[in-house]
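Here the structure comes first, spelled out in structure tokens, and everything after it is commentary.
In our numbering, the protein residues as written are 1 to 84.
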């Protein structure tokens, strides 16, 4: 399901860019990054896995603690621009 959701999101972003809506695409990407960081923070808080920790440590410039403690200032509700 996650792969399907990512596929749909990537298609949405590509379509937005093809229409020349670069500011809207950038805003959508910012929200995607925030959502992924929130999901990762939730995962790191709920699961203890040395394998996951090592995987992230090798690939990230941020500490595990910083990733785990991430909190967005966007709030629980937000809106994204349309790319029409």
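For each residue, glycine too, the CB sits at the ideal point set by N, CA and C.
| Asked | Found |
| --- | --- |
| Please state the DSSP three-state secondary structure of residue 80. | coil |
| Can you give me the start and stop residues for the alpha helix (DSSP H) that residue 10 sits inside? | 2-18 |
| Would residue 10 and residue 37 qualify as a contact pair, given that the criterion is a beta-carbon distance under 7 Å? | no |
| Residue 45: buried (16+ other C-beta within 10 angstroms of its C-beta) or exposed? | exposed |
| Taking 7 Å as the threshold (C-beta atoms), are residue 34 and residue 74 in contact? | yes |
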